[in-house]
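Presented below is the structure to which this report refers.
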Amino acid sequence: MNPETRARLAGISTATLCTALFKRGLRNQFIQDVRPLNANLPNMVGPAFTLRYIPAREDLNTIKVFEDRAHPQRVAVETCPEGAVLVMDSRKDARAASAGSILVTRLMKRGAAGVVTDGGFRDSPEIAELGFAAYHQRPSAPTNLTLHQALDINAPIGCGDVAVWPGDIVVGDREGVVVIPAHLADEISIEAVEMTAFEDFVTSQVRQGATILGLYPPTDPDAKDKFAAWRKEQGR
1274 MNPETRARLA GISTATLCTA LFKRGLRNQF IQDVRPLNAN LPNMVGPAFT
1324 LRYIPAREDL NTIKVFEDRA HPQRVAVETC PEGAVLVMDS RKDARAASAG
1374 SILVTRLMKR GAAGVVTDGG FRDSPEIAEL GFAAYHQRPS APTNLTLHQA
1424 LDINAPIGCG DVAVWPGDIV VGDREGVVVI PAHLADEISI EAVEMTAFED
1474 FVTSQVRQGA TILGLYPPTD PDAKDKFAAW RKEQGR
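Counting in the working numbering, the sequence shown runs from 1274 upward without gaps.
Here it is, written out as structure tokens:
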């Protein structure tokens, strides 16, 4: 991933990114019903590395399957690249965990940028205290084998109703997680920096009592000039 793109996206909200994507006709890039376990962390940014779960079949998912070093869940944790985000398709089913604190800690120690599931995590209080970006639907104590069978690694998946392809750029903030198609990430990041500056300007004006009419969007003749002057004053 381009380091400059990563740095830009680290300072941009998922809301702004969703608008930039909407301008390009992409309306469904925000992962639904997924939230941060710790909302006080910086933005999560990294390319997607994926894991797909299917419904568990009881005879194939006994506790002994974890003794197999080739178990896909374990392999995914041990092969997720440094700087990547492990994104798990748990079919939006949080009745059993997608992972727990031990596996998430291992991801953190291996240098992953974060982890996302549209299911749930067990040991969620411990994960929240790790200082590592983790997003899920809700806490879930039962082990994943109860309902999930890990299957495909680094293949296209669906997560929270969003199509996620390996290498797509995943950005998470205090609001949630957005997925940017890999080929658009550089230009989206540049545009979103400009959008963020303008939105900060608008916010400053509205807090001083200005109307949004003619300001947001900037249709008044002097709105863009005011923005340029504000930006120069702010050094942005």
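Where is the CB? At the ideal position from N, CA and C, for every residue including glycine.
With a CB to CB cut of under 8 Å and the five nearest residues on each side skipped, what residues in its chain are close to residue i?
i       : result
Ala1372 : Gln1346, Val1350, Met1361, Val1388, Thr1390, Phe1394, Arg1395, Asn1417
Ala1357 : Gly1319, Pro1320, Ala1321, Phe1322, Ala1385, Ala1386
Cys1353 : Phe1322, Leu1359, Leu1380, Arg1383, Ala1385
Ala1423 : Leu1324, Arg1325, Tyr1326, His1344, Pro1345, Gln1346, Ala1349, Asn1417
Given a threshold of 16 other Cβ atoms within 10 Å of its Cβ, counted over all protein chains shown, does residue i qualify as buried or as exposed?
i       : result
Thr1287 : buried
Arg1279 : buried
Arg1480 : exposed
Gln1507 : exposed
Ser1462 : buried
Ile1485 : exposed
Asn1334 : buried
His1456 : exposed
Ala1436 : exposed
Asp1495 : exposed
Gln1404 : Gln is not the amino acid found at residue 1404; the sequence shown has Gly there. Label assigned to Gly1404: exposed.
Ala1367 : buried
Ala1406 : buried
Ala1369 : buried
Thr1289 : buried
Within a Cβ cutoff of 6 Å, which residues of the same chain sit near residue i, ignoring the five residues on either side of it in sequence?
i       : result
Arg1330 : none
Asp1434 : Gln1305
Met1274 : Pro1320
Lys1365 : Asp1391
Phe1474 : Phe1500, Trp1503
Give every residue of the same chain whose Cβ lies closer than 7 Å to the Cβ of residue i, excluding the five residues on either side of it in the sequence, and list them in chain order.
i       : result
Ala1293 : Ile1461, Glu1464, Ala1465, Met1468
Arg1447 : Pro1309, Ala1312
Gln1478 : Leu1488
Ala1470 : Arg1504, Arg1509
Pro1454 : Asp1441
At a Cβ threshold of 9 Å, is residue i touching chain D?
i       : result
Pro1309 : The structure shown contains no chain D, having only a single protein chain.
My assumption, with CB atoms under 8 Å, is that residue i sits in contact with residue j. Please give the rounded CB distance.
i       : j       : result
Phe1339 : Val1451 : In fact, because the Cβ distance is near 33 Å, the residues do not count as touching under 8 Å.
Pro1328 : Leu1420 : 7 Å
Taking only runs of the alpha helix (DSSP H) that begin and end inside the segment 1362–1395, which ones reach a length of at least 4 residues, in chain order? Whole alpha helix (DSSP H) segments, 4+ residues: 1374–1382.
Could you pull out every unbroken beta strand (DSSP E) segment of at least 3 residues lying fully inside the segment 1421–1485, listed in chain order? Entirely contained in the segment 1421–1485, the beta strand (DSSP E) runs reaching 3 residues are, in chain order, 1421–1426, 1430–1432, 1435–1437, 1442–1445, 1450–1453.
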